[in-house]
Each structure stands twice: as structure tokens, then as C-alpha cells.
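Below: one structure, written as C-alpha cells.
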Amino acid sequence: MASPKTDAEARYAKVQKRAAEATLAVKEADAESRRVTDNTARLKGLRLAKIAAEAAELAANPPPPKRKAKARAKVAKAIPVEELNAEDDG
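If you want it as C-alpha cells, here you go:
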């Protein structure tokens, strides 16, 4: 049978190992969070630069104005010859 001192030392070592693993996990989570934040900031900067470049290009070279469609003249509906009556001519 193990002595109480050996059991206590084993429990203490186990607690210390868990504490060290927890500290490491927190550091890794912080590093991952920092990486994601940095990447997001980088992508936002690229997006804003692209938008600014597109706006500058549009300001330097505005698109030609759109022409309005010409209004068509309304054409009277043709009446087929068969429907014309001699009585209406008169």
C-alpha cells in the first residue's frame, strides 16, 4: 500500500499538470484569437483599399450618360379589307 505522502504528492503533481495544460490552452486560444483578429483587419484594409481605388477610377473616368429611348409614334391599327363595308364608305 502506498503511503499518504506519496498519494498526496501524486495528487499534487496531477493538479499541477492540469493547471499547466489549462494555461497552455488559454495561451493557444489567445494566439488563435489574435491571429483571426489580425487577418480580419488585413482583409478589411484590402477591401477598403479596393473600394477607394474603384471610387477614384470612377471619379477619373465617369461612365457616359445613358441615352433615353426615343418615344415611338403610335401607329393606327390596320383594318383588314374583309371587314370594310361598302356602306361605311359613303
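Residues 13 to 102 in the numbering used here are what the sequence shown spells out, letter by letter. Backbone N, C-alpha and C fix where the C-beta goes; we use that ideal spot for every residue, glycine too. All figures in this text were calculated on a predicted structure; none of them were measured in a lab.
query: Continuous alpha helix (DSSP H) assignments of at least 4 residues falling wholly in the region 54-87; result: none
query: Three-state secondary structure (DSSP) of Leu96; result: coil
query: Span separating the alpha-carbon of Ala53 from that of Pro74; result: 31 angstroms
query: Helix, strand or coil at Ala90 according to DSSP, with G and I counted as helix; result: coil
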